[in-house]
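Remarks on the structure that follows.
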Amino acid sequence: MQKVFHILIALGLAIFGVGSVIFVLGQAVCLIAGMPEMVTTIETTVDAVIFPAIALTGLLSFIYGCIWKKPKKKD
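Residue numbers (the working numbering): 39 to 113.
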């Protein structure tokens, strides 16, 4: 079960990372090319994917931390 959480969290972070790069590069290319209406299209399309992905990743990380707590070390 821990392995599933690790894979899902890594997948969510990867989706967010790749989506963020596409988001920024897409905006830069559209602004340089003089297509401001395309910037809005890129924003709405990429936002629809990366923000739910990072929200679910955060939720999974929280649940992971609650389920598999590491015991505190005693000195």
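Note that beta-carbon positions come from the ideal geometry of N, C-alpha and C, so glycine has one too. Computed from a predicted model, the values in this text were never measured in an experiment.
Check each candidate in the options and name the one with the smallest Cα separation from residue i.
| i | options | result |
| --- | --- | --- |
| E81 | H44, G55, I60 | I60 |
| Q65 | S99, P90, V84, K110 | V84 |
| M39 | K112, K111, W106 | W106 |
| V77 | L94, V62, A91, P109 | V62 |
For the alpha helix (DSSP H) that contains residue i, what are its first and last residues?
| i | result |
| --- | --- |
| P74 | 74-105 |
| K41 | 40-71 |
Can you list, in chain order, the residues of its chain with a C-beta nearer than 8 Å to that of residue i? Leave out the 5 residues immediately preceding and following it.
| i | result |
| --- | --- |
| L98 | F43, L46, I47, G50 |
Near residue i, which residues of its chain fall below 6 Å by C-beta distance, leaving aside the five closest residues on each side in sequence?
| i | result |
| --- | --- |
| V87 | G57 |
At a cut-off of 6 Å, is residue i close to the ligand PLP when judged by its beta-carbon and the heavy atoms of the ligand?
| i | result |
| --- | --- |
| G50 | No copy of the ligand PLP appears in this structure; indeed no ligand is present at all. |
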